[in-house]
Amino acid sequence: MTSTIRISIGGDTQFVDKSMKSTSVTKANSSKHSLNKQPRNPKPEEWLASKLSQQKIADYKPFNFVDGEGVRCSLYVSGCKFACPGCYNKVAQSFNYGTVYTQELEDQIIKDLSEDYVQGLTLLGGEPFLNTQICLKLVKRIRKVFGNSKDIWSWTGYTWDELQQESEDKKELLTYLDILVDGRFLNDKKDLTLQFRGSSNQRIIDVPNSLAQDKVVIWNKLVK
Ligand code: SF4
85 MTSTIRISIG
95 GDTQFVDKSM
105 KSTSVTKANS
115 SKHSLNKQPR
125 NPKPEEWLAS
135 KLSQQKIADY
145 KPFNFVDGEG
155 VRCSLYVSGC
165 KFACPGCYNK
175 VAQSFNYGTV
185 YTQELEDQII
195 KDLSEDYVQG
205 LTLLGGEPFL
215 NTQICLKLVK
225 RIRKVFGNSK
235 DIWSWTGYTW
245 DELQQESEDK
255 KELLTYLDIL
265 VDGRFLNDKK
275 DLTLQFRGSS
285 NQRIIDVPNS
295 LAQDKVVIWN
305 KLVK
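The sequence shown finishes on residue 308 if you use this note's numbering, and the numbering steps up by one all the way, no holes.
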């Protein structure tokens, strides 16, 4: 007969194998919490924007100061499959959340970016690399209109190494970026004192230098 002990996590009662040799956990109540819950780890090209994206956005925030360096216009795309426990924007994990990306919105973003005091665009979500239809169209237009006078930052749940083994659309999006903040949000590495990221596994990567040197080069303005 299996011997179990009762423990309490976050107010929920759970039963764990007493010998602690087994990792199996039986929940007594429906629970938001899990002992070993981790983000998903896709195989290369397992998740594709062509199959997943509904080309929707969760939000657009012009003229903000928090999503990267300087004054920025931020586009939050809808849909992410990493399912990080503690995700900062859980509603945007659904590919159907929000509204369809339109030409009118894109025109507005270009107009907002043309203000002298705006440093650049930030892509986040949701997962920009699973919404490459939107993101590629937008970043190509930005480079056409502004050249390199506006910078482009993106957040992603993928790591740099994972993106090197990914689909062509994801690799193409990378070539238009200046900065990539990479990696899942990990609760056990959470650190709210870090610049622009929530957990210490995430990195602020200088994309052009990393592509040129074929290795991760960290942003040279990193303080912490
Ligand atoms: S990668 Fe980002 S958006 Fe996706 S689940 Fe994790 S924290 Fe949320």
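The beta-carbon is built from N, C-alpha and C at its ideal position, and this holds for glycine as well.
Asked, Found
"Would you say the beta carbon of residue 395 comes nearer than 7 Å to a heavy atom of the ligand SF4?", "No statement about residue 395 is possible, as the shown extent of the chain runs from 85 to 308 and does not include it."
"Between residue 155 and residue 202, how many whole angstroms is the CB-CB distance? I'm expecting something under 8 Å.", "5 Å"
"What first and last residue would you give for the alpha helix (DSSP H) that runs through residue 296?", "291–297"
"Taking 7 Å as the cut-off, is the C-beta of residue 156 nearer than that to any heavy atom in the ligand SF4?", "no"
"Mind checking which residues open and close the alpha helix (DSSP H) that includes residue 135?", "133–136"
"What are the partner residues of residue 237, as DSSP defines its beta bridges?", "206 and 263"
"Taking the Cβ atom as the reference point for each residue, do residue 197 and residue 157 lie within a distance shorter than 8 Å?", "yes"
"According to DSSP, is residue 169 helix, strand or coil?", "coil"
"Give me every residue whose Cβ sits closer than 5 Å to any heavy atom of the ligand SF4, in chain order.", "164, 166, 168, 171, 241 and 269"
"Can you tell me the Cα-Cα spacing of residue 121 and residue 233, whole angstroms?", "42 Å"
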